[in-house]
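In what follows, a structure is listed as structure tokens, so that the remarks can point back to it.
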Amino acid sequence: MSVDATDRRISVRDLLKAAHAFDGFRSGEHLEPAAEAFITQIAQDAIEDDVQGLTADDLAALADGFWRWTLQKRAGAQEIRLIEAKGAHGRALGRDILEICGPDMPFLVDSVMGEIGAQGIEVRAMFHPIIQVSRDGD
6 MSVDATDRRI
16 SVRDLLKAAH
26 AFDGFRSGEH
36 LEPAAEAFIT
46 QIAQDAIEDD
56 VQGLTADDLA
66 ALADGFWRWT
76 LQKRAGAQEI
86 RLIEAKGAHG
96 RALGRDILEI
106 CGPDMPFLVD
116 SVMGEIGAQG
126 IEVRAMFHPI
136 IQVSRDGD
């Protein structure tokens, strides 16, 4: 899972287009700015080898599941979940997804990745989008 300058990236345009299928990312006909930044960062992090066998629609479905989950989290809390990956139309993707959401914390990603490695678990891909959000009083 190392990144090299010669690695082929997935298409930002294709992933943004696939994301339009999910209501939670849109405001009317356009993607919400925060959702567009989120999807763009995922596409910029992803290389084709890491997401082999997944379509842009699959990646958009995974991103949508994470996005909807984060909308329900408590403000300021670190939340974590391990789920079975489901792609477009609920298709089982044959992998598990570890998701973490919370305020940006120095070394959190390094610490989690280190522990996963220490447990001998293979990581196929890791995405680390950071977006600014504002929450209402609820």
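Residue numbering for the sequence shown follows the working numbering, starting at 6 and increasing by one per position. Cβ coordinates follow ideal geometry from the N, Cα and C atoms, glycine included. Quick caveat: nothing in here was measured; it's all calculated off a predicted structure.
Of the residues the options, the one placed nearest residue i, counting alpha carbons only
i	options	result
Val-128	Met-118, Ile-44, Gly-33	Met-118
Arg-79	His-94, Ile-52, Gly-107, Phe-71	Gly-107
Asp-165	Ala-39, Phe-112, Ile-121, Gln-83	The structure shown does not extend to residue 165, since the chain is modelled only from 6 to 143, so the question has no answer here.
Glu-104	Glu-84, Ser-16, Gln-137	Glu-84
Asp-56	Asp-109, Phe-132, Asp-28	The question names Asp, but residue 56 is Val in the sequence shown. Selected option, being the one with the closest Cα: Phe-132.
Gln-137	Ser-116, Asp-109, Ile-121	Asp-109
Ile-135	Gln-124, Pro-111, Arg-96, Ile-126	Pro-111
Asp-50	Arg-73, Asp-28, Glu-34, Ser-16	Ser-16
Cβ-based burial, residue i [other Cβ within 10 Å; buried from 16]
i	result
Val-114	exposed
Gly-81	exposed
Ala-61	buried
Cβ-Cβ distance between residue i and residue j below 8 Å
i	j	result
Leu-59	Leu-87	no
Asp-54	Asp-12	yes
Ile-44	Ala-26	no
Ile-52	Arg-14	yes
Leu-20	Leu-76	no
Ala-93	Ala-66	yes
Trp-72	Phe-30	yes
Host alpha helix (DSSP H) of residue i (start-end)
i	result
Gly-122	113-123
Arg-18	17-24
Leu-98	It is not in any alpha helix (DSSP H) - Leu-98 instead sits in the beta strand (DSSP E) that spans 97-106.
Leu-87	Segment 84-91 is the beta strand (DSSP E) holding Leu-87; no alpha helix (DSSP H) there.
Phe-71	61-76
Asp-50	38-50
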